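Student: Residues -6 to 574 in our numbering are what the sequence shown spells out, letter by letter. No residue lacks a Cβ here, since even glycine has one placed at the ideal position from N, Cα and C. Bear in mind that the values here come from a model prediction, so they are computed numbers and not experimental data.
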Amino acid sequence: MSAMEVTNVPQSPEGAVPEGSILDKYRLIAELGHGGMAEVFLAVASGPAGFNKLVVIKQIRAELADDPEFLNMFLDEARLAARLSHPNVVQTNEVGHVGNRYFIAMEYLDGQPLNRILQRFKRDNAGMPLGMHVRILIDVLAGLHHAHELADYDGTPLEVVHRDVSPHNVFVTYDGQIKVVDFGIAKAMNSSSETRAGVIKGKVAYMSPEQARGDKVDRRSDIFAVGVMFWEAMTGQRLWKGLTDVAMLHRIIKGEIPNPKTIKGDLSERMVEVCMKALAPNRDDRYETAADFQNALEDLLTEMGERTAVRDIGKLVAKTFDQDRVRIKSVIEAQIKKSSTSTTTLPSIDPLGVSGIHGGGNTRPSLPTLNSGSFTQSGLLTTDSPTSVGQKSTPSSVALTASRPPEASSKTGIMIAGAILGAALIGAVVWLVAMPSGPKETPAPAVTATPPTTIQVTSTPSAPEDPEVEIKVNVNIPEAKIFIDDQPVIGNPYAGKFKKDKNPHQVRAEAPGYGTKTRTIGFENNLQVEIVLEKQAAESAPSKPHVGGPVTPPPPPPPEDPMKAPKKPNPGRELDTTNPY
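#1: For the candidate residues E152, I306 and M241, whose alpha-carbon lies nearest to that of R213?
#2: Whole angstroms are fine: how far does the CA of L16 sit from the CA of K46?
#3: Just how far apart, CA to CA, sit G515 and Q52?
#4: Quick one: using the 10 Å Cβ neighbour count with 16 as the cut-off for buried, is G220 buried or exposed?
#5: Measure the beta-carbon distance from T513 to L57 and round it to whole angstroms, keeping in mind my assumption that it falls under 8 Å.
#6: Taking the beta carbon of Q575 as the centre, do at least 16 other beta carbons fall within 10 Å, making it buried, or is it exposed?
#7: Would you list the one or two residues that DSSP bridges to T513?
#8: Under the DSSP definition of a beta bridge, which residues are partnered with L16?
#9: For the segment 103 to 116 and the segment 157 to 167, state whether three or more C-beta atom pairs, one from each stretch, are separated by less than 8 Å.
#10: With 16 other CB atoms within 10 Å as the buried threshold, where does F286 fall?
#11: Just to check my reading of the structure: V49 and M99 have Cβ atoms closer than 8 Å, yes? What is that Cβ distance to the nearest angstrom?
#12: Going by C-alpha to C-alpha distance, which of D479, D69 and M227 sits closest to M264?
#13: Can you give the beta carbon distance from T511 to V500, rounded, assuming they're within the 8 Å contact cut?
#14: Helix, strand or coil, according to DSSP, for I413 in the structure here?
#15: My assumption, with CB atoms under 8 Å, is that H155 sits in contact with L137. Please give the rounded CB distance.
#16: How is V174 classed by DSSP in three states: helix, strand or coil?
#17: Work out the CA separation of K493 and L520 for me, nearest whole Å.
#18: Whole angstroms are fine: how far does the CA of V239 sit from the CA of G431?
#19: Could you give the DSSP three-state label for T85: helix, strand or coil?
#20: Count the CB pairs spanning the segment 305 to 313 and the segment 286 to 297 that are closer than 8 Å, and state whether there are at least three.
#21: As a quick exercise: from F314, D215, G258 and I245, pick the residue whose alpha carbon is nearest that of D117.
#22: Could you give the distance in angstroms between the alpha-carbon of V83 and the alpha-carbon of K172?
#23: Quick check on V319: buried or exposed, where buried means 16 or more other Cβ atoms within 10 Å of its Cβ?
#24: Just to confirm my understanding: we take I250, look at its own chain, exclude 5 residues before and 5 after, and list those with CB closer than 6 Å. What are they?
#25: Go to N288, then tell me how far its alpha helix (DSSP H) extends in each direction, as first and last residue.
#26: From what residue to what residue does the beta strand (DSSP E) around F476 run?
#27: Name the DSSP bridge partner or partners of N162?
#28: Taking 6 Å as the cut-off, is the beta-carbon of L47 closer than that to any non-hydrogen atom of the ligand NAP?
#29: V466 and Y487: beta carbons closer than 7 Å?
#30: For I483, does the count of other Cβ atoms within 10 angstroms reach 16, so buried, or fall short, so exposed?
#31: Could you say which of F223, G89, D147 and K196 lies nearest to L123 if we only look at CA atoms?
#32: Where does R54 sit, in a helix, a strand or coil, going by DSSP?
#33: Nearest to I470 by alpha carbon, out of T85, H498 and Y507?
#34: Apply the 10 Å Cβ neighbour rule to N252 and answer buried if 16 or more other Cβ atoms are within range, or exposed otherwise.
#35: Could you tell me the distance, in whole angstroms, from the CA atom of K495 to the CA atom of I477?
Pasting the structure below:
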């Protein structure tokens, strides 16, 4: 069998992926989730003498495989992921394609995202020891510094910025490894997909002031995000607790960062100093590199007399999630034992007794769905699966929490921004910031990203999953008309409820004098779609009239090799999602 070739893939009804499907050298054994841009599978690479290795396969969705912009975004992620090699960054094994559908094979991590760990501690009325929390952040900074220092093969710095550092993009394995994950919206200098001015990507609660304004960001924006995580670790609560996204952006842009000592008075002055330096509103006043911040936190641990070891972190996480771990392991082992030649289309498997990720409408019950867990773009299987978005979190993402905080908003995929409020929102916030101080103004209507709902795996029955999702659409031109699946809807902005399903749906916006734009979305989670229409260029009279039928535009060029940087950058979409895929 040649590389990148599909073999032994039995045909199944309605495009379902049958158990035992082979993708190149990987046998798919379970569907882990799907988002706005990709589908994610658990797979096994088998070899002689009973060799089996679990991997995670992230494959671009079939309906987007020929879309140049989506393809460039997916390949940008693949190219960057392939270059990252550090103990504190999730590893990419290879990038390949089957026909026109590219995939990324990533390491399988057995553990939990940090936000889920903190959430579980909160549920159990406990808290993560501060020394252990700081130790985790130290490793996060080490992984980020590796990404920030990444250079091209000729030594040219790539100027990578993660842009979405938060607790649910930090993964802790059961043996205590700390991994930075989800570089889906990371930005490298030579990326083929450009971020347009005025478009912000990431989760509002962890944005730096420059990111909130839609300005160009550098590594110090990631340092600010870790500073927010450190603030929350020290105080045991969310930095922007109870605020809407608009209110958060207002305070972030104005640099109104509360001193953590006002929340917890017994914090040392040195600890507060380190934290507030990372959170300086002016990036020139922050730590210059993640390594500098890492050194400061290591000095703090020494002053605290803390000697937290990796094995201590792993033991605590493994003990906290012991039952969840056993249940998921049993499901995986059962699937590996099944025949690789089976063509049976299986119903969804729900081993932990929680609601499945499949909503109403047509489903794909071909592979068993490990919907007892959530899955991030980097291929991380976890157990408390969110059922709605708000953010990634989607079945593919997780809800944000701090040491003892409620959940935060998160992102819903790679293209639909749950936390992305768009140029109109940025303008509104900047207008608020520019207003002179005076009597308290009436708060503006909140434009928020819907927070994710997390299903807890407990001994008590789980609540039924909401069969509907809320879709919000905002177009920058007030008089624009909005269509969903070619049906007109009333209002701009528009918000409406739809029955959950896994089918692609079209959102179209049009206005006189502006180019029409269409977005492909899914009704799997709550989504907020931001569409920016651009004025059409004035038509000039042709020098010679065209004789004959309509001119057929040339076909789009074939996709380039995934590991070869494109010659010309393509403009990126002004959308971002909460789905980690």
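Tutor: In this structure, then:
#1: E152
#2: 15 Å
#3: 16 Å
#4: buried
#5: 7 Å
#6: The structure shown does not extend to residue 575, since the chain is modelled only from -6 to 574, so the question has no answer here.
#7: Q499
#8: Y19
#9: yes
#10: buried
#11: 5 Å
#12: M227
#13: 7 Å
#14: The predicted position of I413 is uncertain, since its pLDDT is 37 and thus under 50; no value can be drawn from it.
#15: 6 Å
#16: coil
#17: 12 Å
#18: Bear in mind that a pLDDT of 46 at G431, under 50, signals an unreliable position, so the number given afterwards is only what the model happens to contain. Spanning the two alpha carbons is a distance of roughly 19 Å.
#19: strand
#20: no
#21: F314
#22: 6 Å
#23: exposed
#24: L272
#25: A283 to M297
#26: K474 to I477
#27: Partner(s): none; N162 has no beta bridge.
#28: This structure simply doesn't include the ligand NAP, nor any ligand for that matter.
#29: yes
#30: exposed
#31: F223
#32: coil
#33: Y507
#34: exposed
#35: 15 Å
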